[in-house]
Structures are given as structure tokens and as C-alpha cells.
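The listed protein sequences correspond, in order, to chains A and B.
In terms of my numbering, the first sequence opens at residue 1 and continues consecutively.
In terms of my numbering, the second sequence opens at residue 1001 and continues consecutively.
Think of the CB as a built atom: it goes at the ideal place given N, C-alpha and C, for glycine as much as any other residue.
Given the structure is predicted, the values throughout are model-derived calculations rather than measurements.
All remarks here apply to the structure that follows.
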Amino acid sequence: MSTIDRRQFLQRMLVLGGGALATAALLSLLSCFKEEAPELPSDNITPLPPPPEGAAYLAVARGDDPAALVQRSIDALGGIGRFVKSGNDVIIKPNICVSNRTPEYAATTNPEVVAALVALCLGAGAKRVRVMDHPFSGGAEEAYVTSGISEVVRAAGGEMEVMATMKFQDTTIPLGRKITHWPIYQDVLDCDVLIDVPIAKHHGLTGASLGMKNLLGVVLKRGEFHTDMSQKLPDLATLIRPDLTLVDGVRTLMQNGPTGGKLEWVKQTNTIIASHDIVAADAYAATLLGLTGADVSTIRAGAQRGLGTMDLSGIKIEEIAV
Amino acid sequence: MAPKKTRRKWRWTRLSVQILLLVVFLYLLIGSRVGADTLLPSDLFFHLNPLTGLSAMLAEKRFIVPMLLGLLTIGLTLVLGRAWCSWICPLGTLLDWTSLRRFRNAPGRLSHWRHVKYLTLAAVLLGALLGTLSLLVLDPVTILFRTLTSGLIPGMNWLVTRAETYLYRYDAFRGFLDGFDNFIRGTLLPAAEPYFVPSIALIVVFVGILALNTIRPRFWCRYVCPLGGLLGLVSRVSLLRRSVDQDKCNSCRRCARECPVNAIDSEKAYASDPAECTLCLKCVEDCPTCAIAVRPQPQPAEPELEGLTRRQVLGSFGIMLAGVALLRLAPLLRGTEQRRLRPPGTSEDDVMRKCIRCGLCVNICPTRAIHPSGTGADYDGTWTPMVVPRLGYCDYTCNRCGEVCPTGAIPKLSLPEKQQTVIGKAEIDENRCIPWSQNVNCIVCQEVCPLTEKAIELDDMTVTNDEGLEIVVRRPVVVRSRCIGCGLCEHWCPVKGEAAIRVYPDDGEGEHRRRGRS
């Protein structure tokens, strides 16, 4: 091994030390140019566009054929063409929260409903339709199979996407009050059309788990959402604004949500509720559980934030029997 | 003199066999993790390994039928000598490839060091006989498997995921990343991001073993490896051994100088010690006069334990005995150690008696609940599997650890059986729990409990908050009799740092603790 003398040693130390100092100086200079955090705008939530002429603000379809309910409720809103244009990249977000419940337990969204939506979107010319969720118990692929969703979605021509860790990017929530940034699945923000398809479920914290609660599937650290959920959830909903919310009320999990596990807790309600307004859809769907929008803290908070309306008397509701 | 072309064929044959078997090893490792139906049993290498088999049977004092596959390897050694080390052993292959020649400066023999491997072997077997398999941490197959599953692959995964996450911000990369991520997830890299408690320790040990190559090539195999010791003992009576044709030999010393395991003694007419020779056939190919061949030899070789006195042997046994005794003292400390949860259906005793530290269960656990234990307070349990719910919960619909365990240390359980098997019992730390300590609703633990009759219930309690208002708080309470300790609650508990609900080994005393229901 070569040896160095004291002079060389000192020289090297000087060079190294100087280099380190210069790097540090450069880095601190760079940080001066870092963007100032923007002044938080108070309530600049873009108001929802009004529905087109003749279309309902909210559609409710009742009957025992889930696919037909989806079709008819969307027709009442002006048809799928209102939401999905040719060449669009569509993401459908059902609720597939665990891998150990088959659809009849009403813990996960009805597969027929999801498949019908996939078919409608593809029929409207969507470039691709992806379906995804991020279960908290069990693997995603398993959960997709158990829920019965992967089979019918693939048959309908849609893709099941296992959510990739790399796509959860720390994202600024400009209108957030309680939370200002969070790791959020980028594709959900970047896609052309996001369709939120929750299943109506009882929930121990908010009373009901519906469209807004379903958005938790596209973020990480969701446990931390549960304290002050009625603040944090609307914060998230200011950034993630589904183009269409379609609540699956074919079966409703009436108690011991969100995972259930007994058929006696499931009620056959044969209803689909659809709207471009997530708050209105949630408020109507709360009635499936014997509640009103005002009873559910997150819906109340969402309405107060201007995310939508929970005043069902002021909107055009079309009820269809199929 | 045979033409050069044919004489090099052994080198390429050996390399091909090594590559093939290493690929098989990795294929089985990955295949068992992704749950694919592999063509060969995923524990093939562990069953072929006579050392793990012998130790496990000694420790349990019974025959473990699949472990008898190790007799195949013994049979092979009886014919070919220590060919396992140069042709089959995946760690040996890696050590072949990382010879680190550039960093080595002292040639020459370290003959007396060779005996160390017999002492490690004796220690492993003695330990097994006395009921501890801890020393199997020195087994080469388990070393490589464990390091890969719990050290290198998680490390690689971390790097790849960070790089992907960074690049995904830029639109230009997204198409490529989508395809790339789809391709490697669930195959080369695990779908869920793995973190393991002792990853660093594992990598340090592994790098240490590689670094020993800078002292002598394949230092580990020559001097330390207990499996090498076992096969070396058998090799003395192997049928095919190297022989030198004294008429042809021109004493060029090349074979002695270049033998990767330094088995050839130039002082003894270039004869080799069969316990050291791994039948790599390098000398056969390199010999300029073609004097070397591998031939059947009916006479067993002379033992070469020169330089080891009876006193030294007896002394070593004394030290080993003391060492094992110290290891076995550790259970006495068990009351003071951190909580240690074991995979479903197994007990502390089963683990200590049967676990060969192979890491198959760690590799296969899809939710990364099972971790190789570090040393902790209990040295005797080093690298045995433990459940760390904060890092990974036990999935309600999975029983794969029991199915993959090669020794039955984790029992095979049907799914309904496993779903009633108690890993531990959850207990709430009311000083940390948000609803208990801060009067703020949370319910995450109750929400995630996978049981139909949830083991966590919410009690509505009217309390006075900081502002003096009466409010209703939903406070979680564990129903102890239902809890199976899967750890979903502990895993998802949003309290930072240590969870406010934790799973503890079931000591049967929980009924007397306050607040929890039985």
C-alpha cells in the first residue's frame, strides 16, 4: 500500500474540506431560490359546473338489475358522453378495502356495477379504463379476485391496476386547511376522468362510508386521517374531485362496517345513486342507512367547504324505477 | 497431449452448472414468494443440505423424512468428494466469483486453520444434540437465502422504489416506468415494500464472509464452513479422487500455486487432501503435461489432522460445551426480553427445537409480518422467525408460512384452523391511545379488525373535554377472548412511533388486566 506524508495528507484534507464547504455553500444558495409556499387561498374551490340542459343533478335508479341501474342513472344525468370523451384515460375507484370478503357481504363494491361502468366508458370511446383500490388487509391482487371485480372488469375490457408505490407522490393540497400535503396516487390526479364508485356502508366513526370516504383508497398514511376526519377528508376532496360519483346501493352494509362479515348485517337495497356532485350523492346515499347528510360529519363539512350541496330539496333529482 | 479445446471444457461445464443451480436457487426463492407453482419444491436446497437435515434430526431426536434427501448429497460426496462446494453450493458459487484477488497479498498455507471447520461442525452438531439449532446460522445455504430475502432484496427494492418515485414526477418517464414496474413487481422485487428488523446485520455478516476472500480465496469454504467440514470428512473415503502421474509430472508447481482451495501439497509429490479438494478440475485442465487425472481409488485417504493435539481437540470440545451452555442459559432471560411473537401455530419450544433458520417463511410472508429475529436478549433464538405487527400484520386469509416450513417448526394449518390460532393478544395502551388520552375519536383499530365478531369494540363514553364541554368519545376496548393477535390493529394504529395498541404473547393472564373484556 502506498503511504502519504504529512504534507500530502494536509493538502488532501484541505481539498476535501474546501470541496465540502463549496458544496454546502452551493446548496444553501440554491435553497434561497426555493419557491415560497403560496399564500393559502381561503375558499377558492372551483364551483361545480351545472349539469347540462335537461340533465338531472342527481339520479336515483331502483330495480334488481345492477347493470341496468347504472345505465339508466347515467342516462338521466345526460348520458356517459357527458363525462367520458373519446380517447380519455379513465380511472374507476371502487371500494375493495379487504381481501377476505366476497361481494354478498357488502364490504366491497358490487362487481356488476363496476363492470357496467367499464363497458359504458369503453363504449364512449375511452382509451383505457383502469380499476384500482388499495386494500388495508390482504394483497391487492387477492382482493381484486375475492371481490369478484377483477374477473368481470377484465371480461368487460378494463384493466385492474395494482397501485404502485412509486405513484404515491407527496402532493400539495393548495386548499387544504388541516392537511396541506399528502402522499397521493398521481394517476388519480392526472387521469382525464375519475369515477368514484363506493358501496354504501355503515362506519364506526362517521356513521356512513360513502363517496368521500372512498377517496381514502388513493392516499397513503390513511390511519392518520381518522383523527379529525371531518376536516381532513374535505381537504383531500378539494384536490381529488371525481367527475362522477356513483354510489352502489345494490346491497347496503347496515352495521359493523366497513368490513362486516355477516349476511344479516346486509340489506338488499337495489339502488344506484349518481351525480357529478360527491356531496349530493353522499347525502342522498346516507338515507340508505337511515341517516341524512347532516347526520354525517364528513358530508356536513364537505358541504360547508363548498365541495357540493347536501340540500337535496334544492336540486333536480330524477328517480327511476327499472 | 489432449488438444486445448477439450481440456477447457471442464471449466465451462462447471461454470454452466454453477450458473444453472444458482438460477434454480433464485427461481425457487422468488417462485415461492410470488406463490407460483414452482417445478421443484421450494425447500429443495434445504432438504439437499445434509447439515441442516442432520442437525434438525439430532435436535428433534426423530427422522424428518424429506430431510433424508440430504443422503443424496452424502452419496454424491462418497463418489465425487467435496464436489458440492465447487459445483452446487450457491454460496460457494458466489465466493468463487468474488475472489477479490486484487486485494490479497499473502500467499502460503494456513494449514492449521483447516481444522476450524471441523470444530464448527462439531459445535453445530453438539449444539443440535443439546437442543439448540442456533449454530445453523453458519450453514452456507441458509446464510445466502437469509441474506437475499431479508437483506439484499429489500435493499435493492428500496433503491429501485426511490428511483422510480423520483422519476415518476417527470411525464417523460412514466410510460417506461409503468412497464418496468409491472415487470419487476411480484417477480424480482416483492409487491409490498419489505423492511426487516436485522437487515443491516445480515448484510454485514455476508459482506464479512465475502471479505474473508481477501485473506485466502474461498476462505469461508476452506476454513469455516461446517457443511464443508461434514462433506470433507466424507470425502476421505470418496471413490473418485485426484491422482498425479509421477512419470509425467515435471514439478512445475502450477497446480499447487493455483488451486483455489490450496488442497495440493508440493512437498508431498503434489498430492491433494481429498477433504479439501472440491473437484473443480482446474489442475486437471491446467497441467501442462496432463499428469493429473481423477480416478477411482479404493483405499481411503490418510487423515490429515496434523498439528492438532488431543489436548487441543478436548479443549475445543470443552469450549464448545461451555458455549452451548451459555446459549441455553438465554431462555432464563426470557422474562426480561422484549415481547416476541411467533408465527401462527408455533410455540417458543417448537421454534427453538425445529427451526433451521432458513428464512423460507420470512421470504414467503406476503404482508412482511415475519422477520428474522436479531439477537435481542435471546442469543439462542438468533434469526428465528418472529412476527412484528408494527411492520407487517398477519393476513387473515393466508397460511403460507406453515406450508413452506421445511421442518414443521411452523405447523401446516388449514385456513379455518389458522384463523382461530392465537398469535398473541392485543392490549391497548390508554396513555397513548388517542380516544383514551386525548378524547378524540379514531376507531382505526376497530375498523381494521378482520374478525366478523370484531375483537375490538367501541364504547361510547361521555367525558368532559379540555374546554369543559361534555362530549361522547368512542373508545376502543379489546375483547380478549376473540382476539387472535393478527396485528392489523397494531400495524395501522395512527399513533406515531410505538403503537397505542400492541399484540403481546398470550400468557393466559389477560383476564385479570383492567378494562379489556374477556
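Interface flag, residue i vs chain B, CB-CB below 8 Å
{"i": "A/A107", "result": "no"}
{"i": "A/P41", "result": "Low confidence applies here, because A/P41 scores a pLDDT of 48, under 50, leaving its location unreliable and the question unanswered by this model."}
{"i": "A/L205", "result": "yes"}
{"i": "A/H181", "result": "no"}
{"i": "A/T259", "result": "yes"}
{"i": "A/H202", "result": "no"}
{"i": "A/N88", "result": "no"}
{"i": "A/T165", "result": "yes"}
Inter-residue Cα distance where the pair is residue i and residue j
{"i": "A/I4", "j": "B/C1225", "result": "39 Å"}
{"i": "B/P1300", "j": "B/R1339", "result": "53 Å"}
{"i": "B/C1259", "j": "B/L1071", "result": "28 Å"}
{"i": "B/S1272", "j": "B/T1098", "result": "24 Å"}
{"i": "B/I1456", "j": "B/R1480", "result": "8 Å"}
{"i": "A/T269", "j": "A/G87", "result": "35 Å"}
{"i": "B/N1465", "j": "B/S1437", "result": "11 Å"}
{"i": "A/V70", "j": "A/V152", "result": "15 Å"}
{"i": "A/G290", "j": "A/S73", "result": "22 Å"}
{"i": "A/F83", "j": "A/V218", "result": "21 Å"}
{"i": "B/P1140", "j": "B/L1058", "result": "19 Å"}
{"i": "A/G341", "j": "B/G1179", "result": "The structure shown does not extend to residue 341 of chain A, since chain A is modelled only from 1 through 322, so no value can be given for it."}
{"i": "B/L1526", "j": "B/P1416", "result": "Absent from the structure is residue 1526 of chain B, since the part of chain B shown begins at 1001 and ends at 1518."}
{"i": "A/G211", "j": "A/A294", "result": "15 Å"}
{"i": "A/E224", "j": "B/L1040", "result": "44 Å"}
{"i": "B/L1177", "j": "A/S147", "result": "28 Å"}
{"i": "B/L1391", "j": "A/A164", "result": "19 Å"}
{"i": "B/I1443", "j": "A/G257", "result": "11 Å"}
{"i": "B/C1277", "j": "B/S1055", "result": "24 Å"}
{"i": "B/K1282", "j": "B/L1022", "result": "20 Å"}
Other residues of its chain near residue i: CB distance less than 6 Å, five sequence neighbours each side excluded
{"i": "B/M1001", "result": "Because the pLDDT of B/M1001 is 43, which lies under 50, any placement of that residue in the model is unreliable, and the number read from its coordinates should be weighed accordingly. Excluding sequence neighbours, B/M1001 sits near C1290."}
{"i": "B/L1521", "result": "Nothing about residue 1521 of chain B can be reported from this structure: the residues present for chain B run from 1001 to 1518 only."}
{"i": "A/L220", "result": "F168 and P183"}
{"i": "B/P1389", "result": "G1487, E1490, H1491 and V1503"}
{"i": "A/N214", "result": "N95, D196 and P198"}
{"i": "A/V296", "result": "T206, G207, A208 and A286"}
Exposure label - residue i; buried when at least 16 CB within 10 Å
{"i": "B/N1182", "result": "exposed"}
{"i": "A/M310", "result": "buried"}
{"i": "A/N110", "result": "buried"}
{"i": "B/L1144", "result": "buried"}
{"i": "A/L236", "result": "buried"}
{"i": "A/K201", "result": "buried"}
{"i": "B/Q1018", "result": "buried"}
{"i": "B/Q1312", "result": "exposed"}
{"i": "A/Q304", "result": "exposed"}
{"i": "B/G1402", "result": "buried"}
Neighbour flag for residue i against chain A, beta carbons, 8 Å
{"i": "B/E1430", "result": "no"}
{"i": "B/W1492", "result": "yes"}
{"i": "B/A1377", "result": "With a pLDDT of only 48 at B/A1377, under the threshold of 50, the placement of this residue in the model should not be trusted; the figure read from the coordinates follows. No, B/A1377 lies away from the interface with chain A (no Cβ there is under 8 Å from its Cβ)."}
{"i": "B/L1458", "result": "yes"}
{"i": "B/D1395", "result": "yes"}
{"i": "B/R1474", "result": "yes"}
{"i": "B/D1181", "result": "yes"}
Cutoff 7 Å; reference residue i; Cβ partners in own chain excluding five residues on either side
{"i": "B/V1473", "result": "P1435, N1439, N1441, M1461 and V1463"}
{"i": "B/D1269", "result": "Checking the sequence shown, residue 1269 of chain B turns out to be Ala, not Asp. Contacts found: V1244 and Q1246."}
{"i": "B/L1202", "result": "R1146, T1147, S1150 and G1151"}
{"i": "B/G1186", "result": "V1034"}
{"i": "A/K178", "result": "D228, Q231, K232 and D235"}
{"i": "B/P1343", "result": "C1361, I1370, P1385, V1387, C1401 and I1410"}
Beta-carbon contacts of residue i that lie in its chain and below 8 Å, excluding the five residues immediately before and after
{"i": "B/R1216", "result": "R1104, L1110, R1222, Y1223 and N1262"}
{"i": "B/W1113", "result": "R1222 and Y1223"}
{"i": "A/T172", "result": "T180 and H181"}
Closer than 7 Å: residue i CB and nearest the ligand ATP heavy atom
{"i": "B/W1158", "result": "Among the components modelled here there is no ligand, and therefore nothing to report on the ligand ATP."}
Does the region 1117–1130 of chain B come close enough to the region 1151–1171 of chain B to have 3 or more Cβ pairs within less than 8 Å?
no
Can you give me, in chain order, the residues of the region 1187–1221 of chain B that have a beta carbon less than 7 Å from any beta carbon in chain D?
Any reference to chain D falls outside this structure, whose protein chains are A and B.
Three CB pairs or more closer than 8 Å across the region 192–199 of chain A and the region 83–102 of chain A
yes
Report yes or no: do the region 1405–1420 of chain B and the region 1350–1364 of chain B share at least 3 C-beta pairs separated by less than 8 Å?
yes
Taking one C-beta from the region 41–60 of chain A and one from the region 258–269 of chain A each time, how about it: are there three or more such pairs within less than 8 Å?
no
Check whether the region 266–283 of chain A and the region 232–247 of chain A are in contact - that is, three or more C-beta pairs closer than 8 Å.
yes
Whether or not the region 142–156 of chain A and the region 223–240 of chain A are in contact is what I'm after, with contact meaning three or more pairs of Cβ atoms, one per stretch, closer than 8 Å; do they touch?
no
Taking one C-beta from the region 1076–1095 of chain B and one from the region 1249–1257 of chain B each time, how about it: are there three or more such pairs within less than 8 Å?
no
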